[in-house]
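Using our numbering, the letters of the sequence shown correspond one by one to residues 262 to 751.
C-beta atoms are modelled at their ideal positions from N, C-alpha and C, and glycine is treated no differently.
In this text, all values refer to a predicted model and were calculated from it rather than measured experimentally.
Okay, structure first, notes after.
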Amino acid sequence: MNRRQFLITSTAASAMARLAHSQAGLRPLPLPPLTDLTGGINTRIPLALAPGRHDFGTGVLSDTFGINASYLGPVLRVKQGQTLPFDVRNVLDEVTTLHWHGLHIPGDVDGRPHQEIAPGGIWSPDVPIVQQASMNWFHSHTHGRTARQTYKGLAGLLLVEDDASLAADLPMTYGVDDFTLILQDKVFDGAGRLDYTLTSEVFEDGLQGETLVINGAVAPVGQTVPRGLVRLRILNACNARFLTLSMSTGPLYVIASEGGFLPSTVETETLLMSPGERYEVLVDMGLSASNSLRVSFGEGDGEGMLGLLGGLFGAESPLTALTLTHNAETGLSAAMPDRLATLGPAEASAAIRSRDFELQMDTGADLAALAAAWDNVCGGGAMAINGLPMNMERIDEEVRMGETEIWRISVDDMLHPFHIHGCSFRILTQNGAAPPAYAAGWKDMVHVEDSWSEVLVRFDYAAPKDAPYMYHCHILEHEDCGMMGQFTVT
Ligand code: C2O
Ligand code: CU
Ligand code: CU
Numbered sequence: 262m263n264r265r266q267f268l269i270t271s272t273a274a275s276a277m278a279r280l281a282h283s284q285a286g287l288r289p290l291p292l293p294p295l296t297d298l299t300g301g302i303n304t305r306i307p308l309a310l311a312p313g314r315h316d317f318g319t320g321v322l323s324d325t326f327g328i329n330a331s332y333l334g335p336v337l338r339v340k341q342g343q344t345l346p347f348d349v350r351n352v353l354d355e356v357t358t359l360h361w362h363g364l365h366i367p368g369d370v371d372g373r374p375h376q377e378i379a380p381g382g383i384w385s386p387d388v389p390i391v392q393q394a395s396m397n398w399f400h401s402h403t404h405g406r407t408a409r410q411t412y413k414g415l416a417g418l419l420l421v422e423d424d425a426s427l428a429a430d431l432p433m434t435y436g437v438d439d440f441t442l443i444l445q446d447k448v449f450d451g452a453g454r455l456d457y458t459l460t461s462e463v464f465e466d467g468l469q470g471e472t473l474v475i476n477g478a479v480a481p482v483g484q485t486v487p488r489g490l491v492r493l494r495i496l497n498a499c500n501a502r503f504l505t506l507s508m509s510t511g512p513l514y515v516i517a518s519e520g521g522f523l524p525s526t527v528e529t530e531t532l533l534m535s536p537g538e539r540y541e542v543l544v545d546m547g548l549s550a551s552n553s554l555r556v557s558f559g560e561g562d563g564e565g566m567l568g569l570l571g572g573l574f575g576a577e578s579p580l581t582a583l584t585l586t587h588n589a590e591t592g593l594s595a596a597m598p599d600r601l602a603t604l605g606p607a608e609a610s611a612a613i614r615s616r617d618f619e620l621q622m623d624t625g626a627d628l629a630a631l632a633a634a635w636d637n638v639c640g641g642g643a644m645a646i647n648g649l650p651m652n653m654e655r656i657d658e659e660v661r662m663g664e665t666e667i668w669r670i671s672v673d674d675m676l677h678p679f680h681i682h683g684c685s686f687r688i689l690t691q692n693g694a695a696p697p698a699y700a701a702g703w704k705d706m707v708h709v710e711d712s713w714s715e716v717l718v719r720f721d722y723a724a725p726k727d728a729p730y731m732y733h734c735h736i737l738e739h740e741d742c743g744m745m746g747q748f749t750v751t
């Protein structure tokens, strides 16, 4: 029996075990509906952004937003070489947009803040998938409203496959040995309803919830799986929280970052994920009958002595987020893949130019007036990059297509995740040091706190003046407050 045949017979067992799990009291991991288009696309792809009512597991319905669902959106699985004919319909009673985070696509279909969809309106971009296998996502990018709209549920996953990824001996049966995890932190009020309140603290730090939610269900959740390798494709979709991941048994085996496979599997005890970051990991469920993914808020693993110190310095101890239990006494023995992809070193010498970006929180009254005048949402303050809050009418940088550059990012305070549209880049330095091995492949997120971070980047698609790309902090309240800029590629 090969892996594929084995999995088909295990699907029914998995469904029964899910039932058993819910009876045992561990909430089952929700599986967002999969739309698998890798076999071909013959109609337009409808995405309806609409209000919903959703029970996160608190026992009451919360007012949410969803995409073809009451909360969050579908998992779209597509293939390199396809063009995706989307019909994005706005069924909300407020203006919205939908950005394809991670896609290498021209500015005119990027879903940037200018591409507003009015209530009742429809946006129909044809989105070409040129890039290699990678884990991408889509979310609201509405000027001044991204944080609240994304928090309420306007986000979903877009998995790109290619010939190599489909032929690889990796788990890829969705809902059986291949799972997508959308990790978020939430605030619930005393009645158990989802809450989003903009206080001065939220404007400053971004929203920090105390409750971890996975695919729309309050953690911990459980899932039964076949014996053997299990693949977890993980997105940190928190508005502002960094997350540190670990396993209860053994290391994490990281196989891919945002823009594609790593050259080979990277073993790590802990994995730090900023908002907006994606990683794929394998869990060997041949080793023990059960293993759990653990998540702690903030940096550091919060264990032992470190945990004590971490507690003093604000890191929190890890929470069991997802427990995997294998459902078969016999199965395939797992073999961690060795070589995954060909990836050369990041050649800084290829850069012909460098640009500096300083993310600024410490701004004065003059900038607050500008931020407000330019429709940033700040609660009376301002955030900026290189001295100016976001202005939808201003182009901040002009880049030439096909030229390799170094972008150097620094901050005046706090830890921030930085994102660039229209590309994948390589991290040269993160916070003044070489990136961890799991972050040394293709990325579209990098973070910085002290010192600086440098990325090596090239843009291959057009983003003219009337269709520019964005770069910004991915703490969504910072983005809404003006920690964002625009650039053209010509
Ligand atoms: Cu995920 Cu410009 O955003
Ligand atoms: Cu993006
Ligand atoms: Cu920020």
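Work out the CA separation of residue j and residue i for me, nearest whole Å.
i, j, result
"glutamine 691", "tryptophan 713", "7 Å"
"threonine 407", "alanine 501", "12 Å"
"glutamine 747", "asparagine 397", "21 Å"
"leucine 697", "phenylalanine 522", "Rather than leucine, the amino acid found at residue 697 in this sequence is proline. C-alpha separation (whole angstroms): 15 Å."
"valine 556", "alanine 394", "26 Å"
"glutamine 484", "leucine 496", "18 Å"
"leucine 333", "phenylalanine 503", "20 Å"
"glycine 683", "leucine 580", "35 Å"
"methionine 731", "threonine 434", "35 Å"
"threonine 403", "asparagine 303", "30 Å"
"threonine 472", "histidine 735", "20 Å"
"glutamate 666", "threonine 749", "14 Å"
"aspartate 466", "aspartate 430", "42 Å"
"cysteine 742", "alanine 630", "12 Å"
"alanine 587", "valine 437", "Residue identity differs from the one stated: residue 587 is histidine in this sequence, not alanine. Roughly 11 Å separates the two Cα atoms."
"glutamate 738", "leucine 468", "7 Å"
"glycine 565", "glutamate 530", "Unreliable placement is indicated for glycine 565, whose pLDDT of 39 sits below 50; no coordinate value is reported for it."
"valine 660", "threonine 751", "7 Å"
"glutamine 257", "valine 463", "Absent from the structure is residue 257, since the part of the chain shown begins at 262 and ends at 751."
"histidine 708", "tyrosine 722", "24 Å"
"aspartate 711", "phenylalanine 558", "20 Å"
"cysteine 639", "alanine 728", "25 Å"
"threonine 325", "isoleucine 688", "36 Å"
"glycine 693", "glycine 648", "22 Å"
Name the DSSP bridge partner or partners of residue i?
i, result
"alanine 724", "Val750"
"asparagine 552", "Leu585"
"histidine 733", "His680, Met745"
"arginine 616", "Trp668"
"aspartate 324", "Arg314"
"serine 426", "Answer is none; serine 426 lacks a bridge partner."
"threonine 296", "Leu337"
"glutamate 465", "DSSP output for glutamate 465 lists no bridge partner at all."
Here's the rule: buried if 16 or more other CB atoms are within 10 angstroms of the residue's CB, otherwise exposed. What is residue i?
i, result
"serine 685", "buried"
"leucine 427", "exposed"
"glutamate 740", "buried"
"arginine 338", "buried"
"alanine 596", "exposed"
"arginine 305", "exposed"
"leucine 510", "Residue identity differs from the one stated: residue 510 is threonine in this sequence, not leucine. Flag for threonine 510 reads exposed."
"serine 401", "buried"
"isoleucine 613", "exposed"
"serine 507", "buried"
"leucine 548", "exposed"
"alanine 626", "exposed"
"phenylalanine 574", "Because the pLDDT at phenylalanine 574 is just 46, under 50, the model does not fix this residue reliably, and the value given afterwards should be weighed accordingly. So phenylalanine 574 ends up on the exposed side."
"glycine 342", "exposed"
"methionine 745", "buried"
"histidine 282", "Residue confidence for histidine 282 is low, a pLDDT of 46 falling below 50, so the modelled location carries little weight; the figure read from the coordinates is stated next. Buried is the call here."
"leucine 569", "The predicted position of leucine 569 is uncertain, since its pLDDT is 46 and thus under 50; a value taken from the coordinates is nonetheless stated next. With fewer than 16 other Cβ atoms within 10 Å, it is exposed."
"threonine 603", "exposed"
"glutamate 528", "exposed"
Take residue i as the anchor and find which of the options has the nearest alpha-carbon.
i, options, result
"leucine 214", "Ala478, Gly489, Thr304", "Since the first residue of the chain shown is 262 and the last is 751, residue 214 is not available in this structure."
"glutamate 519", "Thr299, Val349, His680", "His680"
"arginine 488", "Ser551, Leu533, Glu740, Ser507", "Ser551"
"leucine 290", "Ala309, Phe317, Thr304", "Phe317"
"lysine 704", "Met534, Asp423, Thr472, Leu473", "Met534"
"leucine 420", "Met546, Ala582, Arg539, Arg288", "Arg539"
"alanine 643", "Asp297, Ile390, Ser461", "Ser461"
"alanine 701", "Leu310, Val515, Thr411", "Val515"
"alanine 309", "Ala517, Glu654, Pro389, Val349", "Val349"
Measure the beta-carbon distance from residue i to residue j and round it to whole angstroms, keeping in mind my assumption that it falls under 8 Å.
i, j, result
"leucine 620", "isoleucine 646", "6 Å"
"glycine 382", "asparagine 351", "5 Å"
"glycine 537", "methionine 706", "5 Å"
"threonine 296", "proline 335", "5 Å"
"glycine 368", "alanine 724", "3 Å"
"isoleucine 670", "phenylalanine 618", "5 Å"
Shorter than 7 Å, the distance from the beta carbon of residue i to the closest heavy atom of ligand 4, or not?
i, result
"histidine 365", "Ligand 4 is absent from the structure shown, which contains only ligand 1, ligand 2 and ligand 3."
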